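What follows is a set of notes on a single structure, which appears directly below.
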Amino acid sequence: MEQAAAFVTTHDAAVDAVAREATRTVALMETGTFGNRNVDFAAALFDALGTLGIAYVPDPNNPYETISGTPKAVDTVSYPRETLKRRTGDCDDTSVLLAALLGNVGIRTELVDVPGHLFVLASTGLHERNRLALGLDESRYSVHDEELWIPIETTALGKGFPEAWKSGMDSYSSWASRDRVALVDITDAQSRYAPAELPGSAEVPQLDGKAFEARLTRDLGVLATWRSDFMESRYKDTRQGLETTPAALNEVAHMYFFAGKMDEARQALEQALAKEPGSPAILNNLGDVEAAQGELAKAADRYSQALATDKSDSGVWLNLGLARYAAGDSTGSDKALAWGIELSGGYEAACALLGLPVGETSTREGTKKMSAEEARQLLKEALRKVPAGSSRPPANTMSKPSEPARRWTSRIAAGRGADRVELSDLLYWKK
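Numbering (the working numbering), first residue to last: 10 to 440.
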């Protein structure tokens, strides 16, 4: 089914119109979002299709289960604009439509081909080391290419996004356990099967905004319940050892950190530090919390204290470099980052430690948020300015800032670029 990627017309006018309207609604919501950009957008796009009345209807003449193994199977796939106009489609039509919408807003997507069926796998944008940021049980997502992914079953268009997610995960897990899952990376496949530019103008469907927002709010509420149930269960297990174990406090702080509850994270870590003074892990993690709250000088001091005990931890050096960069200390940043890269084993290893994809992607201008590409460029510039093996570990002091401190906001960006990250998303958490 690699050829199906040619039908994923991400930039089609009809696809673009639906994607813009749906994601604009969720981006402007003051409360009630899930908190992960990709999940919020995926829910919005899926619910937009449900609101439009797009329905799964098996093709009676060429059911997917009978033609999926034949060379001509791709001939039965409809373009997204055709499915939007017709308001019906089988599993391959609706999967291609959803993949086009997800791709339009920068969400990495793959097609899941299992015996007799096709559905979608969407990236959360989270590195597997940051799985606590999703705040869900591991049975609700898949780990693939070091990222967390959610399967989405498009045959459940009328049942809401949570049911589509649950059904997709059930199907994915079942077939994966039997080694019967084939994945098609759409971006990779389109390098061989380029999407067509369709002639004529597309018919743009009109979305009932009130009905759509009500559906989306309901579904995001279900996802919030999933998260709260998981967090409550996880906290209960962890709290059993709170009185005696700094490691348990560190675990709780980690979950608070990813939930954006920095005051609670700081309180747990301060309790842990009182039990284990001088712990490099706790000092580093306190630095992460302070950096996330904009207290960059304090964060740099914490990282320096951690390094005074253990100079070999590459992740702490990288954190120190990021904090110095954010504070406007480019010189100090370069030295710390270069040392962190060398200790980690090279550029790619450093990217992995920070949860950064190695690949290069474009970014949008005009945002206060750091981009993943900016972080990658920081690492590359550090390597260029301070070649590996050319220096001893830098002094753990802040230089005078050579440029204004950079500020990163804590909200999901309203723009649709997928490469935005928080400073807190990059920082290495020491376990």
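For glycine and all other residues, C-beta sits at the position ideal for the given N, C-alpha and C. Just so you know, these numbers come straight off a predicted model, no measurement behind them.
DSSP bridge partner residues for residue i (one or two, in chain order)
i: Trp158; result: Ser132, Ser151
i: Tyr65; result: Gly98
i: Glu119; result: Leu130, Asp194
Which of helix, strand or coil DSSP assigns to residue i
i: Val114; result: coil
i: Val17; result: coil
i: Glu447; result: Because the chain in this structure spans residues 10 to 440, residue 447 falls outside the shown range and cannot be described.
i: Val27; result: helix
i: Glu39; result: coil
i: Ala336; result: coil
i: Asn45; result: coil
i: Pro89; result: helix
i: Tyr437; result: coil
i: Lys320; result: coil
i: Met10; result: coil
i: Leu363; result: coil
i: Arg187; result: coil
i: Asp146; result: coil
i: Arg416; result: Confidence at Arg416 is low in this model, with a pLDDT of 40, below 50, so its placement is unreliable and the value that follows should be read with caution. Three-state DSSP puts Arg416 in coil, outside helix and strand.
i: Gly177; result: helix
i: Gly59; result: helix
i: Gly355; result: coil
Any non-hydrogen atom of the ligand HEM closer than 8 Å to residue i Cβ
i: Asp297; result: In the structure on display, the ligand HEM does not appear, and there are no ligands present to speak of.
Counted within 10 angstroms of its Cβ, other Cβ atoms place residue i as buried (16 or more) or exposed
i: Ala31; result: buried
i: Ser104; result: buried
i: Ala51; result: buried
i: Val152; result: exposed
i: Arg46; result: buried
i: Ala274; result: buried
i: Asp146; result: exposed
i: Lys439; result: buried
i: Ala13; result: buried
i: Lys81; result: Bear in mind that the predicted position of Lys81 carries a pLDDT of just 46, short of 50, making it too unreliable to give a figure here.
i: Lys344; result: buried
i: Ala173; result: buried
Cβ-Cβ separation, residue j to residue i (assumed contact under 8 Å), whole Å
i: Leu362; j: Ser321; result: Actually they are not in contact, since the Cβ atoms of Leu362 and Ser321 sit about 13 Å apart, beyond 8 Å.
i: Met10; j: Leu127; result: 6 Å
i: Phe507; j: Leu130; result: Residue 507 is absent from the model: the chain starts at 10 and stops at 440.
i: Phe267; j: Val298; result: Not a contact, Cβ separation roughly 11 Å.
i: Arg90; j: Ala23; result: 4 Å
Entirely within the region 252-303 and at least 4 residues each: give me those alpha helix (DSSP H) ranges in chain order. List check, alpha helix (DSSP H) in window: 255-267, 271-284, 289-301.
Can you check the region 201-235 for any beta strand (DSSP E) of at least 3 residues that lies completely inside it and give the ranges in chain order? The beta strand (DSSP E) runs lying completely inside the region 201-235 and spanning 3 residues or more number zero.
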